[in-house]
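Input: a single structure, listed below in structure tokens.
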Amino acid sequence: MINRTRRLRKTESIRRLVRENKLTIDDLIYPLFIEEGENIEKEIKSMPGIKRFSLDRISSELDEVSALDIPAVLLFGIPSEKDDTGTETWNDNGIVQQAIRFIKKNYPKLYVITDVCFCEYTSHGHCGVIHNKDVDNEATVVNLAKQTISHAKAGADMVAPSGMMDGTILAIREALDNTGFYDLPIMGYSVKYSSAFYGPFRDAADSAPTFGDRKTYQMDPSNRDEGMREATFDDMEGADILMVKPALSYLDIIRDLKNNFDRPIACYNVSGEYAMIKAAGEKGWIDEEAVMMESLLSMKRAGADIIITYFAKEVAKVLLKR
Ligand code: PBG
0 MINRTRRLRK TESIRRLVRE NKLTIDDLIY PLFIEEGENI EKEIKSMPGI KRFSLDRISS
60 ELDEVSALDI PAVLLFGIPS EKDDTGTETW NDNGIVQQAI RFIKKNYPKL YVITDVCFCE
120 YTSHGHCGVI HNKDVDNEAT VVNLAKQTIS HAKAGADMVA PSGMMDGTIL AIREALDNTG
180 FYDLPIMGYS VKYSSAFYGP FRDAADSAPT FGDRKTYQMD PSNRDEGMRE ATFDDMEGAD
240 ILMVKPALSY LDIIRDLKNN FDRPIACYNV SGEYAMIKAA GEKGWIDEEA VMMESLLSMK
300 RAGADIIITY FAKEVAKVLL KR
């Protein structure tokens, strides 16, 4: 037989030699939920193993992340006060700003990325300023720039705007450059879909919209060409990294970006993807560890250079065992 593909599958050694994609600890970003207040360490019901921490309780988590050599964390703040516009997001003493200073002081090697958005900070739960029952793009972008600068001044290593407002990357880039933060990179949530897979996160971060949905700013899951358009705009506006979110149901989009853009591609393995594997694992219906590794590997194979995942610590432990 001329073509016998099984020849190169015979032993683990030859399989190692011809293996095309590998998941490594270097690929991982671990999200953290930091809540304003004291003595808080609260399990998130729909995300087993993931907690909300107040700053005074977060050290053990950061020790573990550092010991596992996970390169980066992505911060989400949960403030004690919300308002119409989310003014607390640009308070230089806000919870995220405090967290950045705390981490950079105590864990200088850990790379700190901040989620730049408003939904955890607005009383209505939408990702910006509401005018006529919808999020006002321009007013929101002005506030996004204020929030970004406040994170930058606190010492963030990278910012990641997730609100899907048009023109965000350009506005933030200009604001950063005008304040001297030329070297601070931006990871765009470039192709972010309006997805039911965010359900558990909204419990975790207290960020569900109190009216309507996010369909006027997040993308329609039916659209693929539009994803290219979104990524093109972020690329032209100077996003340093392009992200696709969610990941598992959008592997085709990850591959589109990998094939068409000369920038690192990230994907966000979101809360619902995590919750499904955890739930089936708890029931004993799947081999949780194997499914976790296989699904993250599929994101690498699709073209992701970076994976933001709640599984980061568990994946790192599995990889260290090998
Ligand atoms: C919005 C934001 C969301 C997530 C990250 N940033 C939720 C949303 O758009 O409603 C979702 C992450 C996840 O589901 O894990 N700031």
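Under numbering that gives the first Met the number 0, think of the first position of the sequence shown as 0, with each following residue one higher.
The beta-carbon is built from N, C-alpha and C at its ideal position, and this holds for glycine as well.
Practice prompt. Would you check if the distance between the CB atom of G124 and the CB atom of G198 is smaller than 8 Å?
Written response: Walking along the sequence shown from the start, residue 124 turns up at place 125. Walking along the sequence shown from the start, residue 198 turns up at place 199. No. Outside cutoff.
Practice prompt. Taking only the alpha-carbon atoms, compute the straight-line gap between G36 and I43 and give it to the nearest angstrom.
Written response: As a first step, residue 36 is located in the sequence shown; it is residue number 37 there, counting from the start. As a first step, residue 43 is located in the sequence shown; it is residue number 44 there, counting from the start. As the crow flies, the alpha-carbon of G36 is around 17 Å from that of I43.
Worksheet item: When the cut-off is 8 Å and only beta carbons count, does P30 lie next to chain B?
Response: Any reference to chain B falls outside this structure, which holds one protein chain only.
Fill in: Option in I305, L61, L16 and E34 with minimal Cα separation from V243
Here residue 243 refers to the residue found at position 244 when the sequence shown is read from its first residue. Shortest Cα-Cα distance from V243 to any of I305, L61, L16 and E34 involves I305.
Worksheet item: Grouping DSSP H, G and I as helix and E and B as strand, with all else coil, what is G76?
Response: Counting from 1 along the sequence shown, the entry for residue 76 is found at position 77. Of the three classes helix, strand and coil, the one that applies to G76 here is strand, per DSSP.
Fill in: Proximity below 8 Å, CB of E236 to CB of L169
As a working note, residue 236 is residue 237 in the sequence shown. As a working note, residue 169 is residue 170 in the sequence shown. For the pair E236 and L169, the CB atoms are nearer than the 8 Å cut-off.
Discussion item. If I measure Cβ to Cβ from N20 and keep anything under 6 Å in the same chain, skipping five residues before and after, which residues do I get?
Written reply: Numbered from its first residue, the sequence shown carries residue 20 at position 21. Cβ contact annotation for N20 (same chain, cutoff 6 Å, sequence separation greater than five): K299 and R300, in chain order.
Worksheet entry | Coarse secondary structure for G10, derived from DSSP in three states | For the purposes of this step, residue 10 is identified with residue 11 of the sequence shown, where counting begins at 1. Looking at the sequence provided, one finds Thr at residue 10 rather than Gly. When secondary structure is reduced to three states using DSSP, T10 falls in the coil class, being assigned neither helix nor strand.
Discussion item. So, with DSSP's three-state summary, where would you put A278?
Written reply: On the sequence shown, position 279 is the one that residue 278 refers to. A278: helix per DSSP, three-state reduction.
Discussion item. Considering Cα atoms alone, identify which of R15, V158, L256 and P70 is closest to R228.
Written reply: Here residue 228 refers to the residue found at position 229 when the sequence shown is read from its first residue. Residue nearest to R228 within the set R15, V158, L256 and P70 is L256 (criterion: CA-CA distance).
Discussion item. Less than 6 Å between C-beta atoms, sequence neighbours within five positions excluded: which residues of the same chain meet that for V17?
Written reply: Here the question's residue 17 lines up with position 18 in the sequence shown. The answer, listed in chain order, is L7.
Discussion item. Less than 7 Å separating the Cβ of V269 from some heavy atom of ligand 1?
Written reply: Taking the sequence shown and counting its residues from 1, the one referred to as residue 269 is at position 270. Inclusion of V269 in the 7 Å shell around ligand 1 follows from its C-beta lying nearer than that to a non-hydrogen atom of the ligand.
Practice prompt. Return the chain-ordered list of same chain residues with a C-beta closer than 6 Å to the C-beta of T178, the five sequence neighbours on each side being excluded.
Written response: Within the sequence shown, the letter at position 179 stands for residue 178. Around T178: I148.
Discussion item. According to DSSP, simplified to helix, strand and coil, what is H123?
Written reply: Numbered from 1 along the sequence shown, position 124 holds the residue referred to as residue 123. When secondary structure is reduced to three states using DSSP, H123 falls in the coil class, being assigned neither helix nor strand.
Worksheet item: Buried or exposed: which applies to P245, given that a residue is buried once 16 or more other Cβ atoms fall within 10 Å of its Cβ?
Response: Along the sequence shown, one-based indexing puts residue 245 at 246. P245 comes out buried.
Worksheet item: Looking only at C-alpha atoms, which of N131, L61 and G127 sits nearest to V328?
Response: There is simply no residue 328 to check, as the chain begins at 0 and stops at 321 in what is shown.
Worksheet item: What is the residue span of the alpha helix (DSSP H) that P107 lies within?
Response: Here residue 107 is taken as the residue at index 108 of the sequence shown, counted from 1. Neither: P107 is in no alpha helix (DSSP H) and is coded neither H nor E.
Worksheet entry | beta-carbon Y197 near ligand 1 non-hydrogen atom, thresh 7 Å | Here residue 197 refers to the residue found at position 198 of the sequence shown. Taking 7 Å as the cut-off, the C-beta of Y197 counts as close to a heavy atom of ligand 1.
Worksheet item: Taking 7 Å as the line, does the beta carbon of D219 fall inside it for any heavy atom of ligand 1?
Response: Residue numbering aside, residue 219 sits at position 220 when the sequence shown is read from its first letter. D219: no, Cβ never under 7 Å from ligand 1.
Practice prompt. Consult DSSP for T86 and reduce its assignment to one of helix, strand or coil.
Written response: One-based indexing of the sequence shown puts residue 86 at position 87. When DSSP states are grouped into helix, strand and coil, T86 belongs to the helix group.
Worksheet item: Is R51 near ligand 1, with its Cβ less than 7 Å from a heavy atom?
Response: The residue labelled residue 51 in the question sits at position 52 within the sequence shown. R51: no, Cβ never under 7 Å from ligand 1.
Practice prompt. Return the bridge partner residues of M242 from the DSSP annotation.
Written response: Numbered from its first residue, the sequence shown carries residue 242 at position 243. Note: M242 sits in a beta bridge opposite A265.
Item to complete: Apply the 10 Å Cβ neighbour rule to T368 and answer buried if 16 or more other Cβ atoms are within range, or exposed otherwise.
Response: Lying outside 0 to 321, the shown extent of the chain, residue 368 is not represented and no answer is given.
Discussion item. Closest to L175 by C-alpha separation, out of M164, I112, D165 and H150, would be which residue?
Written reply: Within the sequence shown, residue 175 is the residue found at index 176, counting from 1. Of the candidates M164, I112, D165 and H150, the one whose C-alpha sits nearest the C-alpha of L175 is H150.
Practice prompt. Compare the C-alpha of Q97 against each of T86, D82, P78 and R321 and name the closest.
Written response: Looking up residue 97 in the sequence shown gives position 98. Among T86, D82, P78 and R321, the Cα nearest to that of Q97 is on P78.
Item to complete: Starting from the Cα of I185, find the closest Cα among I94, I264, M46 and S58 and give me that residue.
Response: For this step, residue 185 is matched to residue 186 along the sequence shown. The shortest C-alpha to C-alpha distance from I185 to any of I94, I264, M46 and S58 is the one to I264.
Discussion item. Given a cut-off of 8 Å on the beta-carbon distance, is the pair R254 and G302 in contact?
Written reply: In the sequence shown, the residue the question calls residue 254 occupies position 255. In the sequence shown, the residue the question calls residue 302 occupies position 303. Yes, the pair counts as a contact, with Cβ atoms nearer than the cut-off.
Worksheet item: In three-state terms, what does DSSP make of G187?
Response: Walking along the sequence shown from the start, residue 187 turns up at place 188. Three-state DSSP puts G187 in a strand.
Worksheet entry | Per DSSP, cross-strand counterpart(s) of V115 | Locating residue 115 in the sequence shown gives position 116, counting from the first residue. In DSSP, V115 forms a bridge with P160.
Item to complete: For my contact list, L99 and A153 are in at a C-beta cut-off of 8 Å; report their separation, rounded to the angstrom.
Response: For this step, residue 99 is matched to residue 100 along the sequence shown. For this step, residue 153 is matched to residue 154 along the sequence shown. For the record, residue 99 in the displayed sequence is Ile; it is not Leu. About 4 Å separates the Cβ atoms of I99 and A153, confirming a contact at the 8 Å cut-off.
Worksheet item: Excluding sequence positions up to five away, which residues of its chain have a Cβ less than 8 Å from the Cβ of I33?
Response: Counting from 1 along the sequence shown, the entry for residue 33 is found at position 34. Taken in chain order, the residues that qualify are R51, F52, S53, L54, I57, L74, F75, G76, I77, I94, V95 and A98.
Practice prompt. Throw me the rounded Cβ distance for the R201 and A207 pair, which I believe falls under 8 Å.
Written response: Counting from one through the sequence shown, the residue named residue 201 turns up at place 202. Counting from one through the sequence shown, the residue named residue 207 turns up at place 208. Separation of the CB atoms of R201 and A207 is rounded to 4 Å, and the pair is thereby assigned contact status at 8 Å.
Worksheet item: Is the beta carbon of A204 sitting closer than 8 Å to the one on E119?
Response: If you number the sequence shown from 1, residue 204 lands on position 205. If you number the sequence shown from 1, residue 119 lands on position 120. For A204 and E119, yes; Cβs fall inside 8 Å.
Worksheet entry | Runs of alpha helix (DSSP H) wholly within the stretch 171-233 (minimum 4 residues, chain order) | As far as the stretch 171-233 is concerned, its whole alpha helix (DSSP H) runs of at least 4 residues are 198-204.
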